[in-house]
Amino acid sequence: MARESESGLPIEPVYGPDALDGWDPDGKLGAPGGYPFTRGVYPSMYTGRPWTMRQYAGFGTATESNARYQQLIANGTMGLSVAFDLPTQMGHDSDAAIAHGEVGKVGVAIDSVEDMKVLFGGIPLDKVSTSMTINAPAALLLLLYQLVGEEQGVPADQLTGTIQNDVLKEYIARGTYIFPPKPSLRLIADIFAYCRTEIPKWNTISISGYHMAEAGASPAQEIAFTLADGIEYVRTAIAAGMDVDDFAPRLSFFFVSRTTILEEVAKFRAARRIWARVMREEFGAKNPKSQMLRFHTQTAGVQLTAQQPEVNLVRVAVQGLAAVLGGTQSLHTNSFDEAIALPTDKSARLALRTQQVLAYETDVTATVDPFAGSYVVEKMTDEVEAAALELMEKVEELGGAVAAIERGFQKTEIERNAYRIALETDAGERTVVGVNRFKLDEEEPYEPLRVDPAIEAQQAQRLAELRAGRDQQAVDAALAALRKAAEGTDNVLYPMKEALRARATVGEVCNALREVWGTYVPTEAF
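Position one of the sequence shown corresponds to residue 120 (this note's numbering), numbered consecutively onward.
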């Protein structure tokens, strides 16, 4: 049903060729929900229901993070998104020497299934969709989630959510890798196969350009290198014996949204078009769901400023609007104080309210792809697409994403662009409000949220109690079975799950795989 404007005039759900005859002579747009999905992956987009409001949160202990999740759900969040601390992301227990000083700082500390039970205590896993930002140890956290679901009595086929599980971008831009590329890709293929059988509604990977953008990638670089990684994952799964239409519908992507609205909208539209063609023409995907580029968006953390932090509220609103106009499937809006510290309860609530204003107080949800047919957006979409395809071809010439990573190509290109942006900002050619223009003589005081340093000792005590109370023989036998699977070709997730069920820790499981696969050492730049 068409909505009405404030003036009482009709707003049609879709505008297109009937109104603008001849505007799509090359078939680049198509209808919403139709190949090549330039106008969006679903016919009705937000005219039926808004995007999923999935707020990213996690800090300190599982108990503290659970309290934040309960607040977000009460405030209207439609999906949870878990941030893990650095030791968890790197596969180390909280009491490991290397973890000292980092426990609970940038996310929640998870050492075992006991922590995971606390993290999701009182949250029905059959009714909540959960995204987990975890990469190298993604299999472990997914299995811990499944084990918690089992203890809640939730069948695995009712679990819904996403693991990021995109290790290739870690070598390019982020750095939280553990194993070398080859075994990392093998582990990802095992996850694809495991989820197809055991957790069929789970999105097995979120192929991420966000962190590349945060490292300085341009919009064209962001989608080019992300889609090149996606191609590598598809090739890996096919080489492992899977049919493309058996796993491709569960692939998803993760992009940034900057303040430059027009180019961001063009970027999202170009990415959908490129992916649809790659999946149909290169991989022969026949299922339309295999051709759809479904993606989550997060507003640009790198564009937040510690100076005059309240101005970040405006930036986040603009960035969120760009993501919505670009057709995102889910969205996280950053809190205004994240350039200073972890967000407070109030700032996290304001970030969610920003999405709710966009969804329920504006008219951007009244019609599909509002910028379709715009001279500037259509031209920019074509130009971003062409620039991205040129970069993707360079990756192919180097032998694909992994070979290009090993030569440092993507990292060097991103760093070159980041340097250009920094020079422009320092020279005043690029305005950053409150930083190089419109500054205050003195900043107003702000009291940030701080993580209690005692958390590290608390987690160490929990680990000591866990190890003292478990059946160590069962743990040792399960870890031995995991090492044997890693040495061969069996799917490692099955013995991994049994090790975690026996109360093996995240660090112990990752160490067992380190013994077999080794660890990654970065190479020199391209």
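Positions of the beta carbon are idealized from the N, C-alpha and C atoms, including for glycine.
Straight-line spacing of the CA atoms in Ala478 and Val237 works out to 32 angstroms.
Using a Cβ distance threshold of 8 angstroms, Ala292 and Asn536 do not count as a contacting pair. Closest in alpha carbon position to Arg187, among Pro151, Leu471, Val353, is Leu471.
Relative to the Cα of Gly226, the nearest Cα in the group Phe344, Leu450, Thr207, Arg549 belongs to Thr207. Between Ser303 and the set Ala332, Arg388, Tyr352, the nearest pair of CA atoms involves Tyr352. Taking every protein chain shown into account, the CB of His415 has 16 or more other CB atoms within 10 angstroms, so this residue is buried.
When Ala332, Glu525, Leu199 are compared, the shortest CA-CA separation from Glu534 is found for Ala332. When DSSP states are grouped into helix, strand and coil, Arg354 belongs to the helix group.
Shown here for Leu559: same chain residues with a beta carbon closer than 8 angstroms to its own, the five before and five after excluded, namely Gln426, Gln427, Gly553 in chain order.
Per the C-alpha coordinates, the member of Arg602, Glu617, Val640 positioned closest to Ala631 is Arg602. In the three-state scheme derived from DSSP, where H, G and I count as helix and E and B as strand, Asn536 is classed as helix. When the Cα atoms are used, Lys465 and Ser454 turn out to be separated by approximately 9 angstroms. Beyond the five residues adjoining it in sequence on each side, Val495 comes within less than 7 angstroms, by CB distance, of Leu381 in the same chain, given in chain order.
As for any beta strand (DSSP E) of minimum length 3 sitting wholly inside the region 257 to 336, the runs are 280 to 282, 324 to 327, ordered along the chain. Here Gly179 carries a strand assignment [DSSP, helix/strand/coil]. The C-beta distance from Ile324 to Asn284 rounds to 4 angstroms, short enough to meet the 8 angstroms contact threshold. Non-local C-beta neighbours of Val363 in its own chain, meaning closer than 8 angstroms and more than five positions away in sequence, comprise Val353, Ala356, Ile357, Met398, Phe402, Gly403, Ala404, Ser409, ordered along the chain.
In this structure, the alpha-carbon of Arg468 lies about 21 angstroms from that of Gly223. Judged by beta-carbon spacing, Val628 lies within the 8 angstroms limit of Ala618, meaning their Cβ atoms are closer than that value. In the DSSP annotation of this structure, Ala202 is not part of any alpha helix (DSSP H); the continuous beta strand (DSSP E) holding it starts and ends at 198 to 202. Ranked by Cα distance from Asp348, the options Arg581, Val514, Gly527 are led by Val514.
Under DSSP, the beta-bridge partners assigned to Ser371 are Ser325. The region 194 to 258 is shown to contain whole alpha helix (DSSP H) runs of 4 or more residues at 205 to 208, 232 to 238, in chain order. According to the DSSP assignment, Gln591 belongs to no beta strand (DSSP E) but to the alpha helix (DSSP H) extending over 591 to 606.
Here DSSP, grouped into helix, strand and coil, assigns Thr345 to helix.
When the alpha-carbon of Thr550 is set against those of Val503, Gln422, Thr531, Met209, the nearest one is in Gln422. Residue ranges of uninterrupted beta strand (DSSP E) with 3 or more members, entirely inside the region 395 to 422 and ordered along the chain, are 414 to 418. About 6 angstroms separates the beta carbons of Phe156 and Met411, which is inside the 8 angstroms limit, making them a contact pair.
In terms of CA proximity to Asn194, Met172 leads the group Arg434, Met172, Ala312. Under the DSSP assignment, Leu632 falls in the alpha helix (DSSP H) whose first and last residues are 625 to 636. With contacts defined by Cβ atoms closer than 8 angstroms, Val232 and Ala255 do not form a contacting pair.
From the listed residues Gly294, Ile326, Thr624, the smallest Cα separation to Ile307 is found for Ile326.
Take Gln438, set aside five residues on each side of it, and the residues of its chain with a beta-carbon closer than 7 angstroms to its own are Ser376, Arg377, Thr378, Thr418, Ala419, in chain order. Straight across, the Cα-Cα distance linking Ala121 with Lys147 is about 26 angstroms. Judged by DSSP in its simplified three-state form, Ser184 adopts helix. If the five residues before and after Val273 are omitted, its C-beta is found closer than 8 angstroms to the C-beta atoms of Pro243, Leu244, Asp245, all from its own chain and listed in chain order.
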